[in-house]
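Here is the structure we will look at, set down as structure tokens.
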Amino acid sequence: MSAPDRLGSYTYVEETKEELPWADLVTLDLAKFSTPEGRKELASFLIKALREKGFFYVKNFNISQEAVNRQFALGRQFYELPLEEKLKYVPEGLDQGQFNGYVPAGRRVYNPETGLRDRVEIYNMPKFNGDFKHNHPKIIQDNLPEIEAFARSLHSEVLDPLHTLLAIALELPEDYFTNIHKYDVKSEDHLRYMKYSKYTPEENASIGNLWVRGHTDLGSFTLLFRQPVAALQIRDPITQEWWWVKPQDATLTVNACDMLSFLTAGYVKSTIHRVVAPPKDQQHVDRLGLLYFSR
1 MSAPDRLGSY
11 TYVEETKEEL
21 PWADLVTLDL
31 AKFSTPEGRK
41 ELASFLIKAL
51 REKGFFYVKN
61 FNISQEAVNR
71 QFALGRQFYE
81 LPLEEKLKYV
91 PEGLDQGQFN
101 GYVPAGRRVY
111 NPETGLRDRV
121 EIYNMPKFNG
131 DFKHNHPKII
141 QDNLPEIEAF
151 ARSLHSEVLD
161 PLHTLLAIAL
171 ELPEDYFTNI
181 HKYDVKSEDH
191 LRYMKYSKYT
201 PEENASIGNL
211 WVRGHTDLGS
221 FTLLFRQPVA
231 ALQIRDPITQ
241 EWWWVKPQDA
251 TLTVNACDML
261 SFLTAGYVKS
271 TIHRVVAPPK
281 DQQHVDRLGL
291 LYFSR
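Here you go:
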């Protein structure tokens with residue numbers, strides 16, 4: 001007997017109305033991937049994006065908005081659980097680098113004078129290939145088949161095409177990167193539900209409006225599903241200026257990571273990015289993120 005569907009609908013908050021310095025990013029239309037000519041065109045756009053900005057958008061990736069909405073609804077319901085329930089799923093070796101499961105907020109002190117700590121909560125889901133065993137809360141456990149199908153679709157519909165396009169751009173065999181990023185091969189890929197709880201304007205001011213310092217990501221690509229609370233900024237590799245990343249309808253935001261930069265001897269940029277306090281008209285809401293890290 002199937003589990004009852006308790007996810008319900010998911011309503012996104014309104015986008016900011018403030019005029020911000022938005023990054024000018026390339027959008028890859030994967031609807032063109034089905035033809036050799038389309039793949040050649042996309043490969044040229046991709047390598048330009050990876051060389052210049054390290055961030056880009058993807059659209060028409062064959063995953064329904066309803067499927068995405070359900071994952072956001074699942075993340076919302078998980079974070080509505082009592083803290084004592086969520087703490088049951090903290091990995092035993094969290095301080096030694098284990099990250100699958102629940103990572104509670106408050107592990108970093110943002111302001112030593114006031115004791116203000118981070119308000120970032122994370123729930124990481126490893127690959128569904130049997131390599132990482134982990135218990136899950138009921139809301140996750142009841143929806144594991146759907147989560148697995150969603151995670152696998154990110155590989156088949158997004159990552160495999162991107163890895164193919166990258167190989168074409170670098171004049172490598174088309175399956176070069178897909179062969180080392182197969183879903184059923186052991187790796188530290190993970191799906192992440194991530195919540196940034198809001199601060200007061202005074203608290204934001206006390207930490208310089210900075211929620212997560214500038215950093216790069218491990219792995220090959222990070223996929224970030226659209227959520228309308230503006231907070232992500234990228235640093236231009238040339239000018240060192242910070243630019244806001246605009247939430248675009250029906251797109252994924254993608255960034256190249258350290259491993260791709262390593263594999264290409266720095267030819268591909270692993271761009272520094274950070275998370276800052278949202279614009280004033282969005283500072284009253286929490287920020288829920290849905291991400292996938294390909295490693």
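In full-length UniProt numbering, the protein residues as written are 1 to 295. Positions of the beta carbon are idealized from the N, C-alpha and C atoms, including for glycine. Source: prediction; values computed, not measured.
By the CB criterion at 8 Å, E18 and P279 fall inside the cutoff. Taken through DSSP and simplified to helix, strand or coil, R39 comes out as helix. By alpha-carbon distance to N100, the top candidate from F150, L260, K133 is K133.
Closest in alpha carbon position to Y199, among S153, R287, L172, is R287. Less than 8 Å divides the Cβ of F61 from the Cβ of L30. The stretch 162-170 and the stretch 40-52 touch, with no fewer than 3 CB-CB distances between them shorter than 8 Å. Closest in C-alpha terms to K32, from the list N129, V58, F128, comes V58. Counted as a single uninterrupted DSSP element, the alpha helix (DSSP H) harbouring D160 occupies residues 160-169. About 6 Å separates the CB atoms of F128 and A151; that is less than 8 Å, so the two are in contact. Excluding sequence positions up to five before and after E85, its CB lies within less than 7 Å of the CB of P137, all in the same chain and listed in chain order. Residue burial is scored here from C-beta neighbours: G219 has at least 16 other C-beta atoms within 10 angstroms and is therefore classed as buried. Remark: C-beta atoms of A277 and N204 approach each other more closely than 8 Å. By the Cβ criterion, the stretch 238-246 is not in contact with the stretch 141-157, since fewer than three pairs of Cβ atoms, one from each stretch, lie closer than 8 Å. Taking a cut-off of 8 Å on C-beta distances, the stretch 92-99 does not touch the stretch 64-73, as fewer than three cross pairs fall below it. The beta carbons of P237 and T264 sit no closer together than 8 Å. Secondary structure within the UniProt domain "Non-haem dioxygenase N-terminal" (28-126): the beta strand (DSSP E) runs of 3 or more consecutive residues, fully enclosed, are 55-59, 101-103, 109-111, 120-126 (chain order).
Per the C-alpha coordinates, the member of T114, R119, G289 positioned closest to T253 is G289.
Going by beta carbons, R226 and P201 fall outside the 8 Å limit. Unbroken beta strand (DSSP E) runs of no fewer than 3 residues, entirely contained in the stretch 205-257, are found at 210-215, 221-225, 232-235, 242-244, 251-256, following chain order. Assignment of beta-bridge partners to K195 by DSSP yields E121, L288. Going by DSSP, R6 is part of no beta strand (DSSP E) at all; its letter is neither H nor E.
Note on W22: under 16 other CB atoms within 10 angstroms of its CB, so exposed under the neighbour-count rule.
In this structure, the beta-carbon distance from F221 to A256 falls below 8 Å.
Taking a contact as a CB-CB distance under 8 Å, the pair F78 and Y193 counts as one, their CB atoms being some 6 Å apart. Where R274 is concerned, the enclosing beta strand (DSSP E) starts and stops at 273-276.
Between A231 and V285, the gap from beta carbon to beta carbon reaches 8 Å or more. Within the same chain, D118 come within 6 Å of R108 by CB-CB distance, once the 5 residues on both sides are set aside.
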